[in-house]
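Each remark here refers to the structure printed beneath this line.
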Amino acid sequence: MAIKATIFKAELQIADMERHYYADHSLTLARHPSETDERMMVRLLAFALHAHEHLAFGKGLSADDEPALWQKDLTGAIELWIDVGLPDEKLIRKACGRANQVIVYAYGGRTADMWFAQNGSQFERLKNLTVISLPVETTRALAKLAQRTMNLQCTIQDGQVWLGDGNESVQVEREVLKAAQPSMR
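Shown next, in the form of structure tokens:
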């Protein structure tokens, strides 16, 4: 018998002063049996950074043709595709063909550095791709915030990001390894 996903509930308050986005979200996260708290919390962070009424969690680890998060317009066209971890370069290339914008939140320390070094030249051809690296210290601190029921606050201001639960707060460090080129549309 297959092991089922573990369900996590998160009440997430977002104050994004850069985008002037202020909202509360009640989220249900299904953590795949092979997914770690670290990866799940990176997905939650990605949601907070790109929060929108149409942003939704995809099947992620359960399906190769769906990202960790995505945002579709009313016609079903994919506006934003967000993946976390170290996805295969072929999957990223395919995502760039399907979505207007693709963002990968890479983490894992030296492993992530090697992944980017190995794939960086192929990524340069993908004009709508952004790759952001999260330091291992940040993702491990985020994993410590994971609870089956979470009340979290995310503040984004002046390029700084903080995610906390009222007791602990994590300042999220990010490094842009590759930025998407501005769209000519």
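Numbering-wise, the working numbering puts 257 at position 185 of the sequence shown, and it's gapless, one number per residue. Heads up, the beta-carbon is just placed ideally off N, CA and C, and yes, glycines get one too. What you are looking at is a predicted structure, and each value in this text was computed from that prediction instead of being measured.
Tell me the rounded alpha-carbon separation between aspartate 137 and asparagine 191.
One-based indexing of the sequence shown puts residue 137 at position 65. One-based indexing of the sequence shown puts residue 191 at position 119. Distance between the alpha carbons of aspartate 137 and asparagine 191 is about 20 angstroms.
Cut-off 8 angstroms between Cβ atoms - residues of its own chain near glutamate 209, not counting five sequence neighbours on either side
The residue labelled residue 209 in the question sits at position 137 within the sequence shown. Glu245, listed in sequence order.
On a CA-only basis, which of Glu83, Lys76, Trp187 is nearest proline 105? Give me that one, please.
Looking up residue 105 in the sequence shown gives position 33. Of the listed residues, the one whose Cα sits closest to proline 105 is Lys76.
How about aspartate 155 and alanine 120: are their beta carbons less than 9 angstroms apart?
The residue you call residue 155 lines up with position 83 of the sequence shown. The residue you call residue 120 lines up with position 48 of the sequence shown. No, the pair does not count as a contact, with Cβ atoms beyond the cut-off.
Local Cβ density within 10 Å of glutamate 107, reported as buried at 16 or more and exposed below that:
Within the sequence shown, numbered from 1, the residue matching residue 107 stands at position 35. Per the 10 Å Cβ criterion, buried.
Taking only three categories from DSSP, how would you classify lysine 162?
Position 90 of the sequence shown, counting from 1, holds the residue named residue 162. Lysine 162 falls in the helix class under three-state DSSP.
Please list, in chain order, all residues of the same chain as valine 248 whose beta carbon is under 6 angstroms from its beta carbon, the five residues on each side excluded.
For the purposes of this step, residue 248 is identified with residue 176 of the sequence shown, where counting begins at 1. Cβ within range, chain order: Ile204.
Could you tell me the distance, in whole angstroms, from the CA atom of proline 159 to the CA atom of tyrosine 94?
For the purposes of this step, residue 159 is taken as the residue at position 87 of the sequence shown. For the purposes of this step, residue 94 is taken as the residue at position 22 of the sequence shown. Roughly 31 angstroms separates the two Cα atoms.
To the nearest angstrom, how far is the alpha carbon of phenylalanine 195 from that of glutamate 161?
Walking along the sequence shown from the start, residue 195 turns up at place 123. Walking along the sequence shown from the start, residue 161 turns up at place 89. Between phenylalanine 195 and glutamate 161, the C-alpha separation is close to 8 angstroms.
Cutting at 6 angstroms between CB atoms, please list the residues of its own chain near glutamine 243, excluding the five before and the five after it.
Mapped onto the sequence shown, residue 243 falls at position 171. Result list for glutamine 243: Trp234, in chain order.
Verify whether the separation of the beta carbon atoms of valine 258 and threonine 202 is less than 9 angstroms.
Because the chain here runs from 73 to 257, residue 258 falls outside it and cannot be looked at.
Delimiting residues of the beta strand (DSSP E) encompassing glutamate 110:
The sequence position of residue 110 within the sequence shown is 38, counting from 1. Glutamate 110 -> not in any beta strand (DSSP E); alpha helix (DSSP H) instead, spanning 109 to 121.
What does the alpha-carbon distance come out to for the pair phenylalanine 80 and leucine 101?
As a first step, residue 80 is located in the sequence shown; it is residue number 8 there, counting from the start. As a first step, residue 101 is located in the sequence shown; it is residue number 29 there, counting from the start. Taking the straight line from one Cα to the other gives about 5 angstroms.
In the structure shown, what three-state DSSP assignment does serine 193 receive?
Position 121 of the sequence shown, counted from the start, is the residue given in the question as residue 193. Serine 193: helix per DSSP, three-state reduction.
For methionine 222, which of helix, strand or coil comes out of DSSP?
Counted from its first residue, the sequence shown places residue 222 at position 150. Correct three-state label for methionine 222: strand.
Can you grab the Cα-Cα spacing for the pair glutamate 151 / tryptophan 142, in whole Å?
What you label residue 151 is simply residue 79 of the sequence shown in a count that begins at 1. What you label residue 142 is simply residue 70 of the sequence shown in a count that begins at 1. Straight-line Cα distance between these residues: approximately 8 angstroms.
Please say whether leucine 127 and cysteine 226 have beta carbons closer to each other than 9 angstroms?
Counting from 1 along the sequence shown, the entry for residue 226 is found at position 154. Counting from 1 along the sequence shown, the entry for residue 127 is found at position 55. No, the pair does not count as a contact, with Cβ atoms beyond the cut-off.
So what's aspartate 145 in DSSP terms, helix, strand or just coil?
As a working mapping, residue 145 is identified with position 73 in the sequence shown. Aspartate 145: coil per DSSP, three-state reduction.
Locate the beta strand (DSSP E) running through alanine 17, then write down its first and last residues.
Examination of residue 17 is not possible in this model, given that the chain is present from 73 through 257 alone.
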